[in-house]
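So for the sequence shown, the numbering used here puts the first residue at 1; every next one is plus one.
Note that beta-carbon positions come from the ideal geometry of N, C-alpha and C, so glycine has one too.
Have a look at the structure below before the remarks.
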Amino acid sequence: MTNSKAESIWSRAFALLCLAEFLGYAQHAVLQPTFPLYITHLGGSPFVVGLVIASFGVTSVISRPILGYWADRWSLAGVMILGFVAQAASLSLCLIPFAGATMFANGLRGIGWSGMNTGAYTFLAISAPSERRGEASGYFGSAQSAATVLLPAVALWIIDARFGGFHAAFILAMSLVLGGAGAAYALSREIPPGPRSAQPDSPESWWREIISVFDRSVVLPAALTFLLHLPASCLTSYIVLYARDIGVGDFGWYYVVIGATSMLARPLLGRVSDKIGCGQSLIVAFSLETIALLIMPA
């Protein structure tokens, strides 16, 4: 009890971290309905939509170990800031009305996304009080989910507006992610840089060092994360096309509901996870997602 103030979650650094993640995920939320509609507008098939979305996921996964290595060797804040800037730069390529350019841009955005999240989750791990990490993670996740409450609906409104269109949605996404870069820079001023890892004896051994970090204990969490995000990625990629195909109007409310429930539930579920354990929390989470996916086509 005497350390309650010292162990407070809501420091200035944590608030800036949540703000940066909110803006980064807000950019992503704008693009969730925009990319599928934009590709089909350019004449692409649902298969091409899948390729564009997959380019983001592939580069994001492949680049994370490398960016994590450079976050340790160079600068955690630098990797995070460059991740934001890279996403903004890649979105400028989406202004070219060509599906191939959009796929290339989304691949570059995946690398930037990887850098942003590598820095953000590491900052979360080192700044959250050890006995309240579940709660801190819940608030952190709520900041991410808050972006999905209105931004996808706003994107759909901008796309259909007389004064808007796809380019306006891309410019909005660029503005949001640049704001995230500013918040990440302010965060870097709040957290003193940690000691850098010692440089390897051989400059050619960096890739061996990345591979040697592999730990069997991360296999199960990584597999669970993969299984959790796989259906979510498919759903977010095609749900807007499915809704328009079956004639659902005002589909922006779908994003509002799913974003609001996720945002409000995460802090509470974070506290529950601290009490009952991660294992039981995961069982409940996967069960609820399975039920929801079974109900969706009904």
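Within its own chain, the residues whose Cβ lies closer than 7 angstroms to the Cβ of Ser-90, once the five positions on either side in sequence are excluded, are Ala-105, Leu-108, Arg-109 and Gly-112, listed in chain order.
Residue ranges of uninterrupted alpha helix (DSSP H) with 4 or more members, entirely inside the stretch 106-183 and ordered along the chain, are 133-160.
A distance below 6 angstroms between beta-carbons, with the five flanking residues on each side excluded, links Cys-94 to the following residues of its chain, in chain order: Thr-102, Ala-105 and Phe-170. In the DSSP assignment, Leu-42 falls outside any alpha helix (DSSP H) and carries neither an H nor an E. Arg-189 sits exposed, since fewer than 16 C-beta atoms from the chains shown fall within 10 Å of its C-beta. Two segments are said to touch when three or more pairs of C-beta atoms, one from each, lie closer than 8 angstroms; by this definition the stretch 36-52 does not touch the stretch 63-75.
Secondary structure at Ser-237: helix, using DSSP grouped into helix, strand and coil.
Counting along the chain, Val-248 sits inside no alpha helix (DSSP H), nor does DSSP assign it H or E at all.
DSSP, read as helix, strand or coil, puts Leu-95 in coil. Note that the C-beta distance between Gln-32 and Ala-173 is not below 8 angstroms.
With contact defined as three or more Cβ pairs closer than 8 angstroms, the stretch 264-282 and the stretch 129-144 are in contact.
Per DSSP, reduced to three states, the secondary structure at Gly-279 is helical.
Judged by pairs of C-beta atoms under 8 angstroms, the stretch 223-236 touches the stretch 284-296, as three or more such pairs exist.
At a Cβ-Cβ threshold of 8 angstroms, Thr-118 and Arg-162 do not count as neighbours. Taking 8 angstroms as the upper bound for CB-CB distance, Val-256 and Leu-156 are not in contact here, some 11 angstroms apart.
Spatial neighbours of Gly-83 in its own chain (CB-CB distance under 6 angstroms, excluding positions within 5 residues in sequence) are listed in chain order as Gly-112, Gly-115 and Met-116. Contact between Ala-186 and Leu-17 is absent: CB atoms are separated by about 10 angstroms, not below the 8 angstroms threshold. The stretch 52-93 contains, as complete alpha helix (DSSP H) runs of 4+ residues, the segments 76-93 (chain order). 8 angstroms or more divides the Cβ of Val-58 from the Cβ of Ala-99.
Taking the Cα positions, Gly-78 is about 10 angstroms away from Ala-181.
Taking a 10 Å sphere around the C-beta of Ala-128, we find 16 or more other C-beta atoms and assign the residue as buried. Secondary structure at Met-296: coil, using DSSP grouped into helix, strand and coil. In the structure shown, Ile-258 falls within a helical segment according to DSSP collapsed to helix, strand and coil.
By alpha-carbon distance to Tyr-25, the top candidate from Ser-137, Pro-97, Leu-176 and Ser-273 is Leu-176. About 27 angstroms separates the beta carbons of Val-240 and Leu-19, which is beyond the 8 angstroms limit, so they are not a contact pair. Proximity to Ala-223 across Thr-34, Ala-54, Val-61 and Ala-146 peaks at Val-61, based on C-alpha coordinates. It is roughly 44 angstroms from the alpha-carbon of Asp-245 to the alpha-carbon of Lys-275.
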